[in-house]
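In our numbering, the protein residues as written are 16 to 318. All residues carry an ideal CB built from backbone N, CA and C; glycine is no exception. Before any comments, here is the structure.
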Amino acid sequence: MGKVIITGGAGFIGSAVIRELTRDHEIFVIDDLSFGNRQFISEVPDDHFFQLDIRDRSSILKKINDVQPDWVIHLAAIHFIPFCNENPYMSSDINISGTINVLDATQACGSVKRLFFASTAAVYPIYDEAVTEEHPVGPLDIYGLSKLTGEHLCKMFHLESGIDTVICRFFNAFGPNETNPHLIPEIQAQINNGKRSIQLGNLEPKRDFIHTYDMARAVRLLMMSDMKGLDTFNLGRGIEYSVREIVQAFERQLGEKVEIEIDPKRVRKTDRMHLLADVSKLKSITGWEPEWGIDEGIKTLIQ
Ligand SMILES: NC(=O)c1ccc[n+]([C@@H]2O[C@H](COP(=O)([O-])OP(=O)(O)OC[C@H]3O[C@@H](n4cnc5c(N)ncnc54)[C@H](O)[C@@H]3O)[C@@H](O)[C@H]2O)c1
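Structure follows, in structure tokens:
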């Protein structure tokens, strides 16, 4: 049973990855619980959970060396874009300096066979078609820029260490244990408050929503694949939905009409109209196929 360190493991996607890997791996978690929740990962015993800030270089070097993991899955980051925009220094420090510490510790400990880095679709500029990994990058915000820097740091890490490195660009996640007020939890919260007239911003932009359980299976398959060297993969569902279509999915599951009111405070002046992943590379390398549709996912959230 291999040892795996997951940074940010107490978060939204981390908790799904742990649920996926825990049956056949020994899991250790580094998380400062700034956004994550210890209760999401009650299956991780206290002596495998380290409440540490990835900016604390000496502690990160020591802890990863103590554990001697086979894999490091680096998810810890600040990623809610409005929060990053309001706190540009802090979020860049965590996403860049923190990543340097995790990579240095991963190289120094001498045991790691594969590193996984959670990047984002926010490294791409605006495209109206599905994006492949070959589309030129060009982030539009500080968050995307910090993650693109993380990708470059991973390339340097791989060149220096020779350790197999997976860079995975996550598209819009949805599922249980959401930690940030993204679109789907926002609709869910308003509906759970009994509202059937909900307040939203822009309704037409489309996003590629992927369930965290499907993401977690893809992470497993990428970590177990026989890829060598460094490679970059998109991870989305490959289908895009507008905000209005997401509300319609809630209506189908509730069996009730939900009115939408436009809240001017929520309307973004500029927004991407499309953000859609081409996931053919991931599918061809791993055989992965998504299992969760938007309706099944929303059904379990409402339950
Ligand atoms: N949720 C999405 O739609 C999405 C999309 C693209 C990329 N990502 C990336 O996936 C990863 C996981 O995102 P998530 O949605 O689970 O977010 P999340 O906020 O739920 O998880 C991040 C975890 O990192 C921890 N963390 C934050 N700062 C830390 C620090 N300084 N030291 C240690 N731990 C720290 C938080 O407590 C949290 O548990 C992130 O790298 C994020 O950038 C997420």
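#### Entry: Reference G244; option with closest CA among H173, N207, M288
Taking the Cα of G244 as reference, the smallest distance to any Cα among H173, N207, M288 is reached at H173.
### Query
Between N187 and ligand 1, is the CB less than 7 Å from at least one heavy atom?
Under cutoff, so the answer is yes.
### Query
Closest by CA to L163, which one among H40, C183, V273, D241?
The shortest C-alpha separation from L163 is found at C183.
### Message
Could you check whether the Cβ of N195 sits closer than 7 Å to any heavy atom belonging to ligand 1?
### Response
Flag set: Cβ of N195 near ligand 1.
### Same chain, Cβ closer than 6 Å to Q203, neighbours up to 5 away in sequence not counted
So the list reads L316, once near-sequence residues are dropped.
### Query
Whose C-beta lies closer than 8 Å to the C-beta of E219 among residues of the same chain, with five residues either side of it excluded?
In its chain, beyond the 5 residues on either side, S257, V258, R259, M288 have a beta carbon closer than 8 Å to the beta carbon of E219.
### Message
Which of the three DSSP states is assigned to H150 in this structure?
### Response
DSSP places H150 outside both helix and strand once states are collapsed to three, so it counts as coil.
### Message
Less than 7 Å separating the Cβ of D46 from some heavy atom of ligand 1?
### Response
True, at least one ligand heavy atom lies under 7 Å from that Cβ.
### Query
In whole angstroms, what separates the C-alpha of N208 from that of C169?
When rounded, the distance between both Cα atoms is 43 Å.
### Per-residue burial, G165 [other beta carbons within 10 Å of its own, 16 or more giving buried]
A buried status is given to G165, since no fewer than 16 other beta-carbon atoms sit within 10 Å of its beta-carbon.
### Query
Any heavy atom of ligand 1 within a distance shorter than 7 Å of the CB on A292?
A292: no, Cβ never under 7 Å from ligand 1.
### Task
Mark E304 as exposed unless 16 or more other C-beta atoms lie within 10 angstroms of its C-beta, in which case mark it buried.
It is exposed - the Cβ of E304 has fewer than 16 other Cβ atoms within 10 Å.
### Message
Whole angstroms are fine: how far does the CA of P140 sit from the CA of F98?
### Response
The alpha-carbon atoms of F98 and P140 are separated by roughly 20 Å.
### Task
Select from D278, T22, P196, V152 the residue whose C-alpha is nearest the C-alpha of T114.
T114 has its Cα closest to that of T22, out of D278, T22, P196, V152.
### Task
Going by CA-CA distance only, name the one from D223, I42, H197 that's closest to D61.
Selected option, being the one with the closest Cα: I42.
### Query
From this set, G253, E266, L118, G24, which residue's C-alpha is nearest I45's C-alpha?
Cα-wise, what sits closest to I45 is G24.
### Message
Looking at ligand 1, does it come within less than 7 Å of R287, judged from the CB to the closest heavy atom?
### Response
No.
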